[in-house]
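There are 2 protein chains.
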Amino acid sequence: MPSLRQLEYLTELARQRHFRRAAETLGVSQPTLSTQLKSMEDRLGLELIERNRTSVLITPAGQKVVEIATRMLRDRQEIFDVAKAARRPLGGVLRLGLPSTIGPNLLPLLLPALHKSHPGLVLHVREDVPRNLPGALATGIHDVLLVPLPVNGPDQVTQPVFREPLFVAMAEDHPLAATREISRKDLKGQKVLTLEHGHQLQEQVAAICEEVGADLAFDFEGTSLDTLSQMVAMGTGITFLPGLYVERATSAQSGIVVRSLSGRTLSRTIGAVWRESSARADEYELLIKFVRAAVAENFPTFMLL
Amino acid sequence: MPSLRQLEYLTELARQRHFRRAAETLGVSQPTLSTQLKSMEDRLGLELIERNRTSVLITPAGQKVVEIATRMLRDRQEIFDVAKAARRPLGGVLRLGLPSTIGPNLLPLLLPALHKSHPGLVLHVREDVPRNLPGALATGIHDVLLVPLPVNGPDQVTQPVFREPLFVAMAEDHPLAATREISRKDLKGQKVLTLEHGHQLQEQVAAICEEVGADLAFDFEGTSLDTLSQMVAMGTGITFLPGLYVERATSAQSGIVVRSLSGRTLSRTIGAVWRESSARADEYELLIKFVRAAVAENFPTFMLL
DNA sequence: GAAATAAATTGAAAAAAACTATCAATGTTG
DNA sequence: CAACATTGATAGTTTTTTTCAATTTATTTC
Chain X
83 MPSLRQLEYL TELARQRHFR RAAETLGVSQ PTLSTQLKSM EDRLGLELIE
133 RNRTSVLITP AGQKVVEIAT RMLRDRQEIF DVAKAARRPL GGVLRLGLPS
183 TIGPNLLPLL LPALHKSHPG LVLHVREDVP RNLPGALATG IHDVLLVPLP
233 VNGPDQVTQP VFREPLFVAM AEDHPLAATR EISRKDLKGQ KVLTLEHGHQ
283 LQEQVAAICE EVGADLAFDF EGTSLDTLSQ MVAMGTGITF LPGLYVERAT
333 SAQSGIVVRS LSGRTLSRTI GAVWRESSAR ADEYELLIKF VRAAVAENFP
383 TFMLL
Chain W
83 MPSLRQLEYL TELARQRHFR RAAETLGVSQ PTLSTQLKSM EDRLGLELIE
133 RNRTSVLITP AGQKVVEIAT RMLRDRQEIF DVAKAARRPL GGVLRLGLPS
183 TIGPNLLPLL LPALHKSHPG LVLHVREDVP RNLPGALATG IHDVLLVPLP
233 VNGPDQVTQP VFREPLFVAM AEDHPLAATR EISRKDLKGQ KVLTLEHGHQ
283 LQEQVAAICE EVGADLAFDF EGTSLDTLSQ MVAMGTGITF LPGLYVERAT
333 SAQSGIVVRS LSGRTLSRTI GAVWRESSAR ADEYELLIKF VRAAVAENFP
383 TFMLL
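Chains as they are written, first to last, in the numbering used here: chain X, 83 to 387; chain W, 83 to 387.
Here it is in structure tokens:
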């Protein structure tokens, strides 16, 4: 089996057609070149180089080998380049997993600055239901998660990033829409819509309903905040929407109004999670810095953690 | 710089995700695998494998490297395959140089049998003017020539293959066409056409003209035997055509007739030539056998050498 | 908490690759 | 034509790399 070094010798010799000069270019002695090439020929059981008294010729088989070898050496260089790109912080591929309640609302605010200061970074964003994310992190599908906390899983490091308020959302013509600030007892008996199972938000909303005596609608579970808010706009019920989404997606045209809940603030904590065994923790910290900056700039009322 | 063996280790580990089992498959001890992979990571300055207590994961950069490495290993296998094909006699590429006076007339008779018994052979046929062929052989453009002898050049081995008769050719309505066998003195004063300079045939025809007192036409030199015979058919003059061409290309429709010359037979010797330093002499001998067989079968009157 | 398993570490041995020195064969030149 | 230069091959040694057996560390399982 020919080694890469031997193939490198061969290609250089093919280029120069001169043992001594090729050896010099390669930074080895001429006997090294001779013996290594001979050894490769022996192993392949084949003459690759025709040593003429006047000149060095490459046999047809040798030509073919040179061709393949050239590709292999280029590949080796590429491995090196990949490594080089991946070595610098936030270089190379970073696989980010997050729920759809965060992804489309936060990432657009984050990516321009991130790409500008770390052009080498290739972010693979994959959305999934929060319930699946920790497992996917453990099996190596994601490198880091941006999810509502808490997240439970072995060998995972959790870093809170910011606190996202939740708002009560209802149709424009809903009776409660007149109130500027809604109290907990206003919610009693209200029909509350929420996301499908697997979403952390769903569990949280269920808990709130339990607390305030609202009725969780069991006949409807939205797959995205957009469908959810459309249902709300149609007057099917009320819901709780996370601040990131509210700021971005609810406007005069949306047909819904949002109100905050008086008393104890309603919120959820968004955090980053990664495998303890991952060697790129400092990169994740760096990524978190960008998230915080984006939140601070676009949502000044949110609390950073 | 990662070595091929290290890359092989990495790909196998990526496949099995288990050090001990991968080591076993690779036929090395587990420490070998561990240290080699570690060493590669150090050299790349990068973590390729995430060693978790429960499982082995490949980092994104590692995935990329595995991808490239897989291609490289496939390439190495291909080198091996190329060598294997080239090892057997008349396997791999063999670059054959010959003049246009031989190529289209001889090769079609030769190739079917050759291909049948040596399917691994890839024959690169390249036609050129005989004058250029020896030089091209020396510089490694061709591996073996099939040309009219003699050929002069240093470090060249010559092997006569067969003797090809030359015929006198003229238009059907030419006065000499009535004669069954043409004598040398019939040619005196005839206008003789021939090939362009650089063809051995051209020199030979010039010598014959000198001998018999014919006039070599200086205002026309054909680039191929086909154009030459077309000129002859039009009555521009007579010419000398080699036997291989005559048997194949002159028929009732061609408008020319061929006659042999009485007395001393007119012929040229076709031989094989290769570099003395070439290691494939036995393959060339084998090729010659096929040429002789093709000639014997299709031109029983030709003399084998 | 002992046994089992998995990968890392250590230190020695084996294998591979590299070097220096030298040779034989050619080619060049005064 | 003889002295000299050049080219690639060979021999013997040294250095570097790779590998292995034995052991250690950490973790999981029973």
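Each residue gets a CB set at the ideal place from its N, CA and C atoms; glycine is no exception.
Notebook entry, point to check: Of all Cβ atoms in chain W, is any one closer than 8 Å to the Cβ of ASP237/X?
Noted result: yes
Next item on the list: Mind listing the chain X neighbours of VAL164/W? Cutoff is C-beta to C-beta under 8 Å, in chain order.
Entry: ALA143, LYS146, VAL147, ILE150
Note to self: If I measure Cβ to Cβ from LEU176/X and keep anything under 8 Å in the same chain, skipping five residues before and after, which residues do I get?
What the structure shows: LEU203, VAL204, LEU205, HIS206, ASP225, VAL226, ARG362, GLU365, LEU369
Note to self: Rounded to the nearest angstrom, what separates ARG153/W and GLU132/X at their Cα positions?
What the structure shows: 29 Å
Item checked: Assigned secondary structure, SER199/X (DSSP; H/G/I helix, E/B strand, else coil) -> Three-state result, SER199/X: helix.
Next item on the list: Starting from the C-beta of HIS281/X, find all residues in its chain whose C-beta is less than 8 Å away, skip the five residues before and the five after it, and write them out in chain order.
Entry: When the five nearest sequence neighbours on each side are left out, the beta carbons in the same chain lying within less than 8 Å of the beta carbon of HIS281/X are those of PRO181, THR183, VAL211, PRO212, ARG213, in order along the chain.
Notebook entry, point to check: Among VAL164/X, ILE223/X, LEU155/X, PHE249/X, which residue has its Cα nearest to the Cα of LEU343/X?
Noted result: PHE249/X
Check: Along the region 102-125 of chain X, what residues have a CB closer than 8 Å to any CB found in chain W?
Finding: none
Note to self: Between which residues of its own chain and GLN118/W is the CB-CB distance below 6 Å, once the five residues before and five after are set aside?
What the structure shows: GLN88, TYR91
Next item on the list: Kindly say whether VAL175/W, judged by its beta-carbon, lies nearer than 8 Å to any beta-carbon of chain X.
Entry: yes
Check: What three-state label does DSSP hand ILE290/W in the structure shown?
Finding: helix
Next item on the list: Could you name the residues of the same chain whose beta carbon sits closer than 8 Å to that of GLY235/X, not counting the 5 residues immediately before and after it, in chain order?
Entry: PRO216, GLY217, LEU219, ALA220, VAL355
Item checked: CB contact below 8 Å: MET313/W versus chain X -> Interface with chain X (8 Å Cβ-Cβ cutoff): MET313/W is excluded.
Checklist line | Below-8 Å beta-carbon distance, GLY217/W vs any chain X residue | finding: no
Item checked: Top-ranked residue by Cα proximity to GLY345/X, from ARG266/X, PRO242/X, GLN112/X -> ARG266/X
Item checked: Where GLY353/W falls, given that 16 or more other Cβ within 10 Å makes a residue buried -> buried
Notebook entry, point to check: So what does DSSP say about PHE162/W, is it helix, strand or coil?
Noted result: helix
Next item on the list: Closer than 7 Å by beta-carbon distance: list the chain W residues that pair up with ALA168/X, in chain order.
Entry: Within 7 Å of the CB of ALA168/X, the CB atoms of chain W belong to LEU128, ALA143, in sequence order along the chain.
Check: So which residues of chain W does ASP225/X contact, with C-beta pairs closer than 9 Å?
Finding: THR141, PRO142
Checklist line | Exposure of THR136/X, with buried meaning 16 or more beta-carbon neighbours within 10 Å | finding: By the beta-carbon neighbour count (other beta carbons within 10 angstroms, threshold 16), THR136/X is exposed.
Check: If we count the other Cβ atoms within 10 Å of its Cβ and call it buried at 16 or more, is HIS401/X buried or exposed?
Finding: The requested residue 401/X is not part of the displayed model; chain X covers only 83 to 387.
Note to self: Just to confirm my understanding: we take ILE264/W, look at its own chain, exclude 5 residues before and 5 after, and list those with CB closer than 8 Å. What are they?
What the structure shows: VAL250, LEU258, ARG341, SER342, LEU343, SER344
Next item on the list: State the beta-bridge partners of LYS273/W as determined by DSSP.
Entry: ASP297/W
Notebook entry, point to check: Taking Cβ-Cβ distances shorter than 8 Å, what residues in chain X pair up with LEU196/W?
Noted result: Within 8 Å Cβ-Cβ: nothing; LEU196/W doesn't reach chain X, min ~16 Å.
Notebook entry, point to check: Along the chain, which unbroken stretches of the beta strand (DSSP E) at least 3 residues long are found entirely within the region 119-149 of chain W?
Noted result: Counting whole runs of 3 or more residues, the region 119-149 of chain W contains the beta strand (DSSP E) stretches 131-133, 138-140.
Check: Does the separation of the CB atoms of ALA143/X and GLY319/W fall below 8 Å?
Finding: no
Check: For chain X, is any of its Cβ atoms less than 8 Å away from the one on ALA132/W?
Finding: Residue identity differs from the one stated: residue 132/W is Glu in this sequence, not Ala. So, interface residue.
Check: Can you tell which of MET385/W, VAL274/W, ASN187/W has its C-alpha closest to the C-alpha of HIS256/W?
Finding: Comparing alpha carbon positions, the residue from MET385/W, VAL274/W, ASN187/W closest to HIS256/W is VAL274/W.
Note to self: Under DSSP, the beta strand (DSSP E) around GLU246/X begins and ends at which residues?
What the structure shows: 238-253
Next item on the list: Return yes when the Cβ of ALA289/W is within less than 8 Å of the Cβ of LEU269/W, no when it is not.
Entry: No.
Next item on the list: Within its chain, find whatever has a CB closer than 6 Å to the CB of ARG445/X; leave out the 5 residues flanking it on each side and keep chain order.
Entry: Because chain X is modelled from 83 through 387, residue 445/X falls outside the range shown and cannot be assessed.
Checklist line | SER265/X at chain W interface by Cβ criterion, 8 Å | finding: no
Checklist line | For ILE184/X, the three-state DSSP class (helix, strand or coil) | finding: coil
Notebook entry, point to check: When you compare only the Cα positions, how much space is there between GLY127/X and MET83/W?
Noted result: Taking the straight line from one Cα to the other gives about 27 Å.
Next item on the list: Kindly indicate which residue of VAL229/W, GLU160/W, PRO171/W has the alpha-carbon position closest to the one of HIS197/W.
Entry: PRO171/W
Next item on the list: Measuring only between beta-carbons, confirm whether GLU292/X sits less than 8 Å from chain W.
Entry: Contacts with chain W at 8 Å (Cβ-Cβ) do not include GLU292/X.
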